[in-house]
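From first to last, the protein sequence lines stand for chains Z and A. Per my numbering, residue 1 is the first one in the first sequence, and the count goes up by one each step. Per my numbering, residue 1001 is the first one in the second sequence, and the count goes up by one each step. Beneath this line is the structure, given in structure tokens, with notes to follow.
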Amino acid sequence: MSEEKNDLIDVQINGEWHSFPKGTRMIEACRQVGVEVPHYCYHPKLTSPGNCRMCLVEMGMPPRPRPGDDPPEPDETGHLPISWIPRPAIACANTIAPNMGIRTESEMTEECREGVMELLLANHPLDCPICDQAGECSLQEFSVEHGKGESRFREQKVKKPKNVDVGPRIRLDDERCIMCSRCIRFTDEIADDPVLGFTDRGSHTVLTVYPGRELANNYSLNTVDICPVGALTSNDFRFQMRVWFMKETKTIDVNCATGANITVFARENKIYRITPRQNNDVNSDWMPDSHRLNFHWIESDARLTDPLVRDGDKHRLATWQEAIATTADKLAGLDGSEIAVIASARMTNEELLMTSRLVKHLGAGHVDVVPREGENDGYLIAADRNPNTNGVMLVLGLENPGSQLEAIKDGIAQGRIKALLCLQENLVEDAGFGSELLSKLDFFLTSYPLANPTADIADVVLPGACWAEKTGTMVNVTGRLQRLNKAVDGPGQTLEAWEIIRDLIQATGGGNGIYSATDIFKQLAAEVPEFADLSWGQIGDLGIPLIETGETIPLLEREKERIEKGLIVG
Amino acid sequence: MSLDVPSELEKEIDERVTHYPVSKRSAVLPVLHALQHHYGFINEEAVEWTAAKLDLEPIKVLEVVTFYPGFRQSAPGKFHIRVCRTLSCAMAGSYELMESLCDKAGIDRSGVTHHNPIAVSPDGKFSIEFAECLASCGTGPVCLVNDDFHEAVSDVDGLLSHYQ
């Protein structure tokens, strides 16, 4: 047997020897070398009760000699022979030991899996055709791989509650539940809202929400994600779309500065659902319900689809050329000090770089963004509800975002500021600009995804793409640079803000030569010191640390503690 | 609503909890036993009182209460009868005894299920359930009425007339 080097332990998996750090769970050791161990109850971010038994494997250890017998001899590779234990072991809750053997493809393992599958399916309804989980159901998948073609169960299936309203966003089908208890552990360990439990344990075990309580915390929909079957379904998504029809786009959430990594599921340009995407440096495996469900407005009738220009007291449709030319005309006679630009901390770094170009090009005397402060919820939601305030500071060079807004208001009130370009913000509703104040401006341009009271007053209204319709990068609360990827096309004539700004710069006599957000990123890398030498590809799906902000994400800190205590794998 | 637990009982419960220094959760069973012994059954207030006493979420206590058919979730009668149905008693006629007791006491057992094993007479005087072995296999059929043990029961009228 080879000596432990750097706390590495040799384990034989399906006949081949590998080394793993001490304390690795058997299931994780297998995963690390590409050997799948099917499982339901095990989740690396939750404790392991070992109750589903799906991860049973055959395990062996070196034989222990009887007193007086010679100890076993190592073979030429330095490993001891393995004596296989006649009973299977669960791979999820057991850690590896030196010279351990694991067989995941043996007859015994196969038999165990078949047996577990048969028992799980004995009472499971065969309603896959109407079940939302179909296509991403572990039970369905493992049934194909490890199940029997037909059931030997001839008795009556157990009847349990169906269509149970367990909370405002979730519905439970107890007959589909396989009692893995992931949801119970999630609400207990992560969401600190333990309202779920198993009652009437036995042949009629039911997942229950405590009478009079409901599963209503702002992280409740994560239970739907981790439910391996279709027992917990999202009220928002159920019966809307089969999962295999949807296109998945890896992107990030923009509802707060955390920038939770997400997957957007869309079909034919319509978003159907958003799920968290694992990133252990940002959001672990989770995301808040409030952020996850904040996408229906993207399809709203209030979306702006075409540029509009003021015609008397109304707006009329215009082409982009006309809207941009009108703007250039209006700005032509003005001095830079008479122009203010209000950008948005919801913009990407690329859009902010273009904004800074525009500001410089126009010599605009005032520039700021609209801050959005809320409360840190102690889990994943950052106090800063803008996704890219750090980007604003780095790229637009604002030291104290939001501090100039009052000065801009004063400037407009006193007539010093004559033109205002509002990029991707809603000044009336989100920044306290009065309609009367904005009416004093000689020229007011606004771009935004939705029609709003700010647009009502504007001379030129431009349809700007929303977060799901654009590509770019943002810097989150911890200083991590992350990529936003376009999931759907914007409606009508919508353009991404960087395109709008590029056209404005060009129309007012500036340069061009930019054709994509990645082009701008190259310029960012060349111009902004923090981005030096970075490439688009380098950022990857999980982002990279860009700056040190000293901020932490409370939920991640607690998970780190649990990993250190060995409660979870992480 | 909260449970009004007499101080004597609470003192006894507190003492029982001290037997489980590592995890108060382990004291769920003894606490529930004490409460059921005093009140006759475990209702929602008792679940919540237990949870608060042991710093648990109520669902954790409800899980235990619903697991054991021995914990009654609704009020039994003034006299609670347990009829043994394990092999010896079953062969000696415990099912007939059950039928006869229900008949005389006017108890309808049609609503009885595994998790709701108790049926109560309309006047609330008697309640009945099957029990597993009461450790008197030579003298079946046997039954318990509250804490009194009755062997080789044949005179059902006589038995019930003891308890009025």
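Glycine residues also receive a C-beta, built at the ideal position from the N, C-alpha and C atoms.
Excluding sequence positions up to five away, which residues of its chain have a Cβ less than 7 Å from the Cβ of Phe1079/A?
Lys1125, Phe1126, Val1145, Asn1146, Tyr1163
Report buried or exposed for Leu438/Z, applying the criterion of at least 16 other Cβ atoms within 10 angstroms of its Cβ.
buried
Taking C-beta pairs closer than 7 Å, name the residues in chain Z that Leu1062/A reaches, listed in chain order.
Gly197, Thr199, Tyr210
Would Ser1074/A be called buried (16 or more neighbouring beta carbons within 10 Å of its own) or exposed?
exposed
Given that a residue counts as buried once 16 or more other Cβ atoms are within 10 Å of its Cβ, and exposed if not, what is Phe153/Z?
exposed
Using a Cβ distance threshold of 8 Å, determine whether the stretch 205-212 of chain Z contacts the stretch 167-181 of chain Z, with at least three qualifying pairs required.
yes
Tell me, please, whether the CB atom of Gly543/Z is closer than 8 Å to any CB atom in chain A?
no
Going straight from the alpha carbon of Ala1051/A to that of Leu567/Z, what length do you get?
24 Å
Contact list for Ile1059/A against chain Z, beta-carbon separation under 7 Å
Pro194, Val195, Leu196, Gly197, Tyr210
Helix, strand or coil for Tyr448/Z? Go by DSSP, reduced to three states.
strand
Thr1066/A CB to nearest chain D CB: under 8 Å?
Absent from the structure: chain D. Protein chains present are Z and A.
Among Asn255/Z, Gly50/Z, Ala122/Z, whose alpha-carbon lies nearest the alpha-carbon of Arg185/Z?
Gly50/Z
Taking the C-alpha atoms as reference points, what is the distance between Glu4/Z and Pro98/Z?
In this prediction, Glu4/Z scores a pLDDT of 46, lower than 50, which makes its location untrustworthy; the coordinate-derived value is nonetheless stated afterwards. Roughly 8 Å separates the two Cα atoms.
Does the stretch 373-381 of chain Z touch the stretch 535-548 of chain Z, meaning 3 or more C-beta pairs lie closer than 8 Å?
no
Simplified DSSP state of Phe20/Z, which is helix, strand or coil
strand
Where does Cys55/Z sit, in a helix, a strand or coil, going by DSSP?
coil
Interface flag, Glu1132/A vs chain Z, CB-CB below 8 Å:
no
Should Asn426/Z be labelled buried (16 or more other beta-carbon atoms within 10 Å of its own) or exposed?
buried
Locate the alpha helix (DSSP H) running through Pro453/Z, then write down its first and last residues.
453-457
Straight-line gap, Glu551/Z to Gly378/Z (C-alpha atoms, nearest Å)
13 Å
Spatial neighbours of Glu1057/A within its chain, please: CB distance less than 8 Å, with the 5 preceding and 5 following residues excluded, ordered by chain position.
Ala1051
Euclidean distance between Cα positions of Val1005/A and Gly1040/A:
13 Å
What did DSSP end up calling Ser2/Z once you bin it into helix, strand or coil?
Below a pLDDT of 50, predicted positions are generally treated as unreliable, and Ser2/Z, at 45, falls in that range; the measurement from the model is reported next regardless. Reduced to three states, the DSSP call for Ser2/Z is coil.
Mapping the DSSP letters down to three states, classify Tyr1095/A as helix, strand or coil.
helix
Chain A partners of Gly202/Z, CB-CB under 8 Å?
Phe1067, His1114, His1115
For Ile1013/A, which three-state DSSP category applies?
helix
How would you list, in chain order, the residues of chain Z whose beta-carbon sits under 9 Å from the beta-carbon of Glu1044/A?
Pro211, Gly212
Any idea which residues DSSP pairs Met100/Z with across the strands?
Val11/Z
For Glu299/Z, which residues of its own chain have a beta-carbon under 7 Å away from its beta-carbon, when the five flanking residues on both sides are left out?
Lys270
First and last residue of the beta strand (DSSP E) that includes Phe1126/A?
1126-1131
With DSSP run on the structure shown, which of helix, strand or coil describes Cys256/Z?
coil
Cβ-based neighbour list, Val243/Z, same chain, cut-off 6 Å, excluding 5 preceding and 5 following:
Gly135, Glu136
Near Ala383/Z, which residues of its chain fall below 7 Å by C-beta distance, leaving aside the five closest residues on each side in sequence?
Glu373, Gly374, Glu375, Asn376
Span separating the alpha-carbon of Trp286/Z from that of Gln278/Z:
7 Å
Which stretch, first to last residue, makes up the alpha helix (DSSP H) that contains Asn349/Z?
349-362
CB Thr326/Z to CB Val460/Z, shorter than 8 Å?
yes
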